[in-house]
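**Student:** Residue numbers (the numbering used here): 16 to 463. We put the CB at the ideal spot given by N, CA and C, even for glycine.
#1: Name the DSSP bridge partner or partners of residue 386?
#2: On the three-pair Cβ rule with 8 Å, is the segment 406-418 touching the segment 302-310?
#3: Going by CA-CA distance only, name the one from 205, 83, 284, 73 that's closest to residue 271.
#4: Leaving out five residues before and five after residue 443 in sequence, what residues of the same chain have Cβ atoms less than 8 Å from its Cβ?
#5: Is the beta carbon of residue 260 closer than 8 Å to that of residue 426?
#6: What does the alpha-carbon distance come out to for the pair residue 370 and residue 209?
#7: Relative to the alpha-carbon of residue 356, which residue among 430, 310, 43, 292 has its alpha-carbon at the smallest distance?
#8: Skipping 5 residues on each side, what residues in its chain have a beta carbon closer than 8 Å to that of residue 351?
#9: When DSSP builds the beta bridges, which residues end up paired with residue 281?
#10: Curious, which full-length alpha helix (DSSP H) runs of at least 4 residues does the segment 244-317 contain?
#11: Excluding the 5 residues flanking residue 140 on each side, which residues of the same chain have their C-beta closer than 7 Å to its C-beta?
#12: Beta-carbon within less than 7 Å of residue 395's beta-carbon, same chain only, minus the 5 sequence neighbours each way: which residues are those?
#13: Suppose the cutoff is 8 Å on Cβ atoms and the five residues either side in sequence are ignored; what does the same chain contact list for residue 348 look like?
#14: Relative to the C-alpha of residue 436, which candidate in 250, 241, 137, 312 has its C-alpha closest?
#15: Using DSSP's beta-bridge definition, name the partner residues of residue 98.
#16: State the CB to CB distance for the pair residue 69 and residue 47, rounded to an integer number of angstroms; the pair is presumed to be in contact (CB under 8 Å).
#17: With distances taken Cα to Cα, identify the nearest neighbour of residue 423 among 401, 441, 84, 388.
#18: Classify residue 93 as helix, strand or coil using the three-state DSSP reduction.
#19: Please return the same chain residues whose Cβ sits closer than 7 Å to the Cβ of residue 85, not counting the five positions on each side in sequence.
#20: Which of the three DSSP states is assigned to residue 203 in this structure?
#21: Give me the DSSP bridge partner(s) of residue 359.
#22: Considering only heavy atoms of the ligand PLP, does any lie closer than 7 Å to the CB of residue 308?
#23: For residue 319, which residues of its own chain have a beta-carbon under 8 Å away from its beta-carbon, when the five flanking residues on both sides are left out?
#24: What separation, rounded to the nearest whole angstrom, lies between the Cα atoms of residue 57 and residue 66?
#25: Kindly provide the ranges of any alpha helix (DSSP H) runs that are 4 or more residues long and lie completely inside the segment 405-449, ordered along the chain.
#26: Assign residue 315 to buried or exposed, taking buried as 16 or more other Cβ atoms, counted over all protein chains shown, within 10 Å of its Cβ.
#27: Would you kindly work out how many angstroms separate the C-alpha atoms of residue 44 and residue 90, rounded to a whole number?
#28: Do you know whose CA, among 64, 196, 266, lies nearest residue 251's CA?
#29: Can you list, in chain order, the residues of its chain with a C-beta nearer than 8 Å to that of residue 121? Leave out the 5 residues immediately preceding and following it.
#30: I need the boundaries of the alpha helix (DSSP H) containing residue 56, first residue and last residue.
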């Protein structure tokens, strides 16, 4: 009855497993080079100056088995012309070799030509003729690259280093390699999102401009977007379990001891920005309100469409440390309520920036607050109360156009003077002035 049938099914399955386990492989004399680990793959394929055809296969895969005689025939035809390679990618360590190349099924054939960072997936017929045609086309490509001054055409420098994606000059995306990963990611206090990409990957190319634009917006929020070429930094990508591209890992603010989280958010600029700010919010990271210590601080944060908010706080002698910290604390609350807005907040001490105070028409004492645009050389002075509600209301007015924004007298915002960082203390007690008379010097005395 039922039991016998089940036993038969199981026995049949076991027999299939046994047959599959034996599977098939390529012999030494087949002319096919078999590779199953990343080191050998790098030596044989990535550092090989010529063309390699690589088949990623599984011993138990039927299509691979029927492809085998044609693949061996191609190896004989291409002997001395191109290298014909097979990688068993059904399990480790071969899986790691296949991982960077987006292998979804077996067999997958990939051709490595002049630029080893941009291998070409073979989509032609699974025949020896089809393969050799594709190989010859790749060989012509290598020769052409060398003729055009492409160097060795191996896509690898003399040191066996892979070429790395050149970051665009003005990019806010931080390029990271294995050597500086600790410094740029693990030792970074703020939130870091790391994209692991492959130069040939289509989805990565589509993400690149969005990632760039998001990085530009997020850098003022102390959020770093980084990029790692996973084909050049294989061990690093493996360490973080990168399986496909692009893979984005989230390293939350603070100590980077816990393993990173997987990014599950949108892939377009606005979505990336919102997602990153939300993570930062959840990590309870407070925005900071830096003190302006010179023009460089302003240039860095106030470019383009951004609106900078300058709070000029009373002199330390007038407010004391507690009073000043209360003002800064209140400004942090305002900044928190305006996350994701174009506003960037700063403070200076009254009297330390006379040119700026004059330009912003701050003639009625401190604390005072102004919004300004470097790009437009325009400003608006807050006339309401210096409180969380008063300032929030003013910022709303700036965004809605309700507040009067006008040009700075003199036409351009003056440069910010270099300042001295506040040490967080109350003012040092001023020395009492000592009069000369107290020293017993008598100016009327004829001896002098």
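**Tutor:** Reading it off the structure:
#1: Along the chain shown, one-based indexing puts residue 386 at 371. According to DSSP, which records beta bridges pairwise, residue 386 is partnered with 324, 395.
#2: no
#3: What you label residue 271 is simply residue 256 of the chain shown in a count that begins at 1. The option with the nearest alpha carbon to residue 271 is 205.
#4: Position 428 of the chain shown, counting from 1, holds the residue named residue 443. For residue 443, where only same-chain residues beyond five positions count, there are no Cβ hits under 8 Å.
#5: If you number the chain shown from 1, residue 426 lands on position 411. If you number the chain shown from 1, residue 260 lands on position 245. Result no, Cβ atoms of residue 426 and residue 260 do not sit closer than 8 Å.
#6: Here the question's residue 370 lines up with position 355 in the chain shown. Here the question's residue 209 lines up with position 194 in the chain shown. Spanning the two alpha carbons is a distance of roughly 42 Å.
#7: Position 341 of the chain shown holds residue 356. Minimum Cα distance to residue 356 is reached at 292.
#8: Walking along the chain shown from the start, residue 351 turns up at place 336. Excluding sequence neighbours, residue 351 sits near 301, 302.
#9: Mapped onto the chain shown, residue 281 falls at position 266. Paired residue(s): none; residue 281 is not in a bridge.
#10: 249-254, 284-297, 310-316
#11: Walking along the chain shown from the start, residue 140 turns up at place 125. For residue 140, where only same-chain residues beyond five positions count, there are no Cβ hits under 7 Å.
#12: By one-based count along the chain shown, residue 395 stands at place 380. Taken in chain order, the residues that qualify are 385, 386, 413, 418, 419, 420.
#13: Your numbering for residue 348 matches position 333 in the chain shown. Excluding residues within five positions, the ones whose Cβ falls inside 8 Å are 403.
#14: By 1-based counting over the chain shown, the position of residue 436 is 421. Ranking 250, 241, 137, 312 by Cα distance to residue 436 puts 312 first.
#15: Position 83 of the chain shown holds residue 98. Answer by DSSP bridge pairing, in chain order: 67.
#16: As a working mapping, residue 69 is identified with position 54 in the chain shown. As a working mapping, residue 47 is identified with position 32 in the chain shown. Not quite, the Cβ-Cβ distance comes to about 10 Å (not below 8 Å), so this is no contact.
#17: Position 408 of the chain shown, counting from 1, holds the residue named residue 423. Taking only the C-alpha atoms, the option nearest residue 423 is 388.
#18: Here residue 93 refers to the residue found at position 78 of the chain shown. In this structure, residue 93 counts as coil in the three-state DSSP scheme.
#19: If you number the chain shown from 1, residue 85 lands on position 70. Around residue 85: 141, 142, 143.
#20: One-based indexing of the chain shown puts residue 203 at position 188. Note: residue 203 maps to coil in three-state DSSP.
#21: Sequence index remark: in the chain shown, residue 359 carries index 344 (1-based). The partner list for residue 359 (beta bridge, DSSP) reads 323.
#22: Because no ligand of any kind appears in the structure shown, any question about the ligand PLP cannot be addressed here.
#23: Position 304 of the chain shown, counted from the first residue, corresponds to residue 319. Correct list, in chain order: 390.
#24: Within the chain shown, the letter at position 42 stands for residue 57. Within the chain shown, the letter at position 51 stands for residue 66. Rounded to the nearest angstrom, the gap between the Cα atoms of residue 57 and residue 66 is 13 Å.
#25: As far as the segment 405-449 is concerned, it has no whole alpha helix (DSSP H) run of at least 4 residues.
#26: Mapped onto the chain shown, residue 315 falls at position 300. In this structure residue 315 is exposed. Its beta-carbon is surrounded by fewer than 16 other beta-carbon atoms within 10 angstroms.
#27: Working through the chain shown from its first residue, we reach residue 44 at position 29. Working through the chain shown from its first residue, we reach residue 90 at position 75. Spanning the two alpha carbons is a distance of roughly 10 Å.
#28: Here residue 251 refers to the residue found at position 236 when the chain shown is read from its first residue. Closest option to residue 251, Cα to Cα, is 196.
#29: Within the chain shown, residue 121 is the residue found at index 106, counting from 1. Answer for residue 121: 71, 72, 73, 76, 78, 79, 104, 105, listed in chain order.
#30: For the purposes of this step, residue 56 is taken as the residue at position 41 of the chain shown. Here the alpha helix (DSSP H) through residue 56 covers 53-56.
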